[in-house]
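First the structure, in the form of structure tokens, and then the observations on it.
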Amino acid sequence: MNAVQTLKLTKEFDSLVAVDGVNLEIKKGELFSLLGPNGAGKTTTIRMLCCLLKPTNGTASILGHDVVKTPFAVKKLIGVSPQDTILSERLNCWENLALIGKVHGLSSDEVARRSEELLETMGLMERAKDQVRKFSGGMKRRLSIAMALVSDPQVLFLDEPTLGLDPQARRTIWEYIAGLKGEKTILLTTHYMEEADFLSDRIGIIDEGKVVALGTSQELKTNIIEMRSMVVSTDDLTAEVMEDLRNKYSRLEIAKGKLEIYHKDLDFKEIVDYLHSRGVTVYSAALEQPTLEDVFIQITGKKLRD
Amino acid sequence: MKFWEIGKRNLKEIYRNPVLLGFLLGMPVAFMLVFIAAAGGGQASPIGMSVVDEDRSQNSSAFIQTLGSIEAIDLNEPVYSQESQAQKDLDEGKISFYLLIPSGFQAAQQVQQTINLELVYKAADPMIGLQIKPIIEAVGSEFLGVAPPLNVELKGTESIIKNPAVNFYAPGIAVYGFMILISTAAGIIAGDREKGFLSRMFTTPARPSDFILGYSLPFIPVLIVSALVYLGVGMGLGLTVVGNLGHVFLIFFLIGLCAIGIGMIVGSLVKSESQTGVAWIFIVPMAMISGAWFTVDRMPSAVRSVAEALPFIHAIDASRAVLNGSSFSAITLDIYWLIGWAVVLFAVGIVLFRRTMVS
């Protein structure tokens, strides 16, 4: 049984199709990212999985429980950190955590134990007794994630967990999420490709409501990127060498003493050995790693942050 | 006990919000102080009156002197000898009205003819004429030695009410205070929905009934505290409680429930917290026609029947009556009316609030 399973999940708002026939199978313990630009349908998908929105078509289930037919069974299993940091502003950290913990049916002792643990890990213990309205964005986000975790949910939904945070705060949250891998099934949405790349077991690229590519970061990069590139720093290329290379690879470019070679498959050693064998000095050489951004551009023809 | 946790949270959000609390409790208390200060206690200030004496006779000046000796009148100096000057001052707003003693005053008096006095005031300020006419009539008949055909003597019944103004204003303004709960309750619900807090809570296993109880129960301690504060302030100002204080409390409690019910309805209908300001379009007129701030005994019957269909006038009338000594049987109908409204409003509130939970 999959932790999260959707079949042709669709949500239409009037004339707009926000989510269009999404099929997902997320295994227990997996960290799955939905990567896509703003408005791609990530949050709408999560809202349907959390029983906040009724799908127009298709089905979705969490650990076998249908989100439409048995919403309360689903709600018992999930923890949600919404995209906008939503806290009870005049409560302190303990009280916010206790509220969520207790509506999930935890005892006072359990709530206290879990809260202490989470406040420690999230580095919020020092300010735990302050009303949270005075907190910085990063602190609020950490508490919001802690609130999603306090009930010890089996499936965790993190909607843009690091949106709008500075790089340092983002790093802290990444490390914490990485620490949860394997323990919890996590569905994370993001429009930061580094985030998806760094954290995910598998990534679904979503655009205009459709999942357009699915796989591990490596799979996406190798299967989808048609052209790889290598940059070689050198200055004594002969016309003969250039001619040889041009015959062998798809495209060559020379700019500012740098030679760029493009081809579907590139072998670093083969190229460097060839240049050496022809007496060409190589100062440096690097095989460019494709990014998820490249994958996204390849598939959709547009940039992630347009 | 999930509702308990939600209720606890809401109560904390209320009592830790000084602005909200100040508005909820402070406004009615301030109103009470102002109204009671304006209405009661000290002597009313005398009315400044100007006189035009066209007769310029012994009798006319004696009459003016008599007028000047009346406590309720403050005679403006000097006395005009020509109306044109007084008319000019009236037009320019220097004086608010004048009394014209026409020539022939003394002559008419001597032959016992009808004497005509004119009271000239701006039509835009009609209250002046109404207030001053009976005073002049009384002074006039006494001065002329005319025995009035009928002598009406005002005689308040023997009363233990120390300060009638307080007994009038305190219950009305207390009920107005409960009407403020409408906007408070609506604001909390609409705000939580607008900010997404309700959505977040809807991803937890809490049931609709938990939310309904969690968003209405916390207002019960609020309304109990409000009732105590209003009664306390009223007593501090000299409120006399003749009837049963428990009955007053019951009335306040019921009208408070009605207000919470309306608040839930408004909070479920509006789209944002700022839109709950719309509630004031109803709160202020309802307070007015229900007699929260002044007597509505002489209100046109159409308006009166609107007011009587609503719960507020019943709460105000009944609590005033009990404070002044009415027994429970005298207010039973009002109580039934309040219970009926509370039930209906809560039922509608619950239905609408439930509807906001699924989309």
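Chains as they are written, first to last, in the numbering used here: chain V, 6 to 311; chain E, 97 to 455. Glycine included, every Cβ here is placed at the ideal spot set by N, Cα and C. Nothing here was measured: the structure is a model prediction, and the numbers come from that model.
Cβ separation of residue i and residue j, assumed to be a contact under 8 Å, to the nearest whole Å
{"i": "Ala-281 of chain E", "j": "Ile-379 of chain E", "result": "Actually they do not touch by this definition, with Cβ atoms about 12 Å apart."}
{"i": "Glu-109 of chain E", "j": "Val-108 of chain V", "result": "Actually they do not touch by this definition, with Cβ atoms about 16 Å apart."}
{"i": "Leu-327 of chain V", "j": "Asn-101 of chain V", "result": "Residue 327 of chain V lies beyond the stretch modelled for chain V, which goes from 6 to 311, so this question has no answer here."}
{"i": "Trp-99 of chain V", "j": "Lys-134 of chain V", "result": "7 Å"}
{"i": "Val-392 of chain E", "j": "Ala-405 of chain E", "result": "The pair is not a contact, with the Cβ atoms about 14 Å apart (cut-off 8 Å)."}
{"i": "Leu-14 of chain V", "j": "Pro-60 of chain V", "result": "6 Å"}
{"i": "Gly-143 of chain V", "j": "Ala-183 of chain V", "result": "17 Å between Cβ atoms; not a contact."}
{"i": "Ala-270 of chain E", "j": "Pro-124 of chain E", "result": "6 Å"}
{"i": "Gly-292 of chain E", "j": "Asp-164 of chain V", "result": "With a Cβ gap of about 11 Å, Gly-292 of chain E and Asp-164 of chain V do not count as contacting."}
{"i": "Ile-292 of chain V", "j": "Arg-233 of chain V", "result": "It should be noted that the sequence gives Leu, not Ile, for residue 292 of chain V. 7 Å between Cβ atoms; contact."}
{"i": "Ile-228 of chain E", "j": "Ile-143 of chain E", "result": "6 Å"}
{"i": "Thr-11 of chain V", "j": "Thr-194 of chain V", "result": "Not confirmed; about 14 Å, so no contact."}
{"i": "Ala-411 of chain E", "j": "Tyr-265 of chain E", "result": "That belief does not hold up - the Cβ atoms of Ala-411 of chain E and Tyr-265 of chain E are roughly 15 Å apart, past 8 Å."}
{"i": "Ala-182 of chain E", "j": "Tyr-194 of chain E", "result": "5 Å"}
Neighbouring residues, chain E, relative to residue i (Cβ below 9 Å)
{"i": "Pro-87 of chain V", "result": "Gly-292, Ser-295, Arg-296, Thr-299"}
{"i": "Gln-136 of chain V", "result": "Arg-112"}
Chain-ordered chain V contacts of residue i [CB-CB under 7 Å]
{"i": "Arg-105 of chain E", "result": "Ser-93, Leu-96, Leu-104"}
Per-residue contacts from residue i into chain E (C-beta, under 8 Å)
{"i": "Lys-263 of chain V", "result": "By Cβ distance, chain E contributes nothing, its closest Cβ being about 50 Å from Lys-263 of chain V, past 8 Å."}
{"i": "His-109 of chain V", "result": "Thr-300, Pro-301"}
{"i": "Glu-100 of chain V", "result": "Arg-105, Lys-108"}
{"i": "Phe-77 of chain V", "result": "Pro-301, Arg-303"}
Min CB distance residue i to chain E below 8 Å
{"i": "Lys-81 of chain V", "result": "yes"}
{"i": "Phe-18 of chain V", "result": "no"}
{"i": "Leu-57 of chain V", "result": "yes"}
{"i": "Phe-301 of chain V", "result": "no"}
Residue-level contact to chain V via CB, residue i, 8 Å cutoff
{"i": "Ala-112 of chain E", "result": "Contrary to the premise, residue 112 of chain E reads as Arg rather than Ala in this sequence. Closer than 8 Å: yes."}
{"i": "Glu-101 of chain E", "result": "yes"}
{"i": "Lys-367 of chain E", "result": "no"}
{"i": "Lys-98 of chain E", "result": "yes"}
Backbone secondary structure at residue i - three-state DSSP
{"i": "Thr-48 of chain V", "result": "helix"}
{"i": "Gly-63 of chain V", "result": "strand"}
{"i": "Gln-223 of chain V", "result": "helix"}
{"i": "Tyr-217 of chain E", "result": "strand"}
{"i": "Asp-212 of chain V", "result": "strand"}
{"i": "Asp-288 of chain E", "result": "helix"}
{"i": "Gln-173 of chain V", "result": "helix"}
{"i": "Val-235 of chain E", "result": "helix"}
{"i": "Asn-28 of chain V", "result": "strand"}
{"i": "Val-444 of chain E", "result": "helix"}
{"i": "Phe-140 of chain V", "result": "coil"}
{"i": "Ser-86 of chain V", "result": "strand"}
{"i": "Met-235 of chain V", "result": "strand"}
{"i": "Tyr-267 of chain V", "result": "strand"}
Cβ-based neighbour list, residue i, same chain, cut-off 8 Å, excluding 5 preceding and 5 following
{"i": "Ile-197 of chain E", "result": "Val-147, Val-148, Asp-149, Glu-150, Asp-151, Ser-156, Phe-159, Ile-160, Leu-213"}
{"i": "Ser-177 of chain E", "result": "Val-148, Asp-149, Glu-150, Arg-152"}
{"i": "Asn-43 of chain V", "result": "His-196"}
{"i": "Glu-35 of chain V", "result": "Ala-8, Thr-190, Ile-191, Asp-206, Arg-207"}
{"i": "Tyr-432 of chain E", "result": "none"}
{"i": "Gly-187 of chain V", "result": "Gly-34"}
{"i": "Leu-257 of chain V", "result": "Met-247, Leu-250, Arg-251, Leu-264, Glu-265, Ile-266, Tyr-267"}
Cβ-based neighbour list, residue i, same chain, cut-off 6 Å, excluding 5 preceding and 5 following
{"i": "Leu-441 of chain E", "result": "Cys-354, Gly-357, Ile-358"}
{"i": "Tyr-254 of chain V", "result": "Ile-266, His-268"}
{"i": "Lys-263 of chain V", "result": "Val-236, Ser-238"}
{"i": "Phe-99 of chain E", "result": "Asp-306, Leu-309, Gly-310"}
{"i": "Leu-313 of chain E", "result": "Gly-103"}
{"i": "Ser-415 of chain E", "result": "Pro-267, Val-344, Ile-347"}
{"i": "Ile-361 of chain E", "result": "Val-444, Gly-445, Leu-448"}
Cut-off 7 Å between Cβ atoms - residues of its own chain near residue i, not counting five sequence neighbours on either side
{"i": "Ala-426 of chain E", "result": "Ala-417"}
{"i": "Phe-315 of chain E", "result": "Leu-277, Ala-281, Ile-356"}
{"i": "Val-137 of chain V", "result": "Leu-92, Glu-94, Leu-96, Asn-97, Cys-98, Asn-101, Lys-145, Leu-148"}
{"i": "Glu-369 of chain E", "result": "Gly-283, Ala-286, Gly-287, Glu-290"}
{"i": "Thr-452 of chain E", "result": "Arg-289, Ser-364"}
{"i": "Phe-298 of chain E", "result": "Met-453"}
Below-8 Å beta-carbon distance, residue i vs any chain B residue
{"i": "Asp-171 of chain V", "result": "The structure shown has no chain B; the protein chains it does contain are V and E."}
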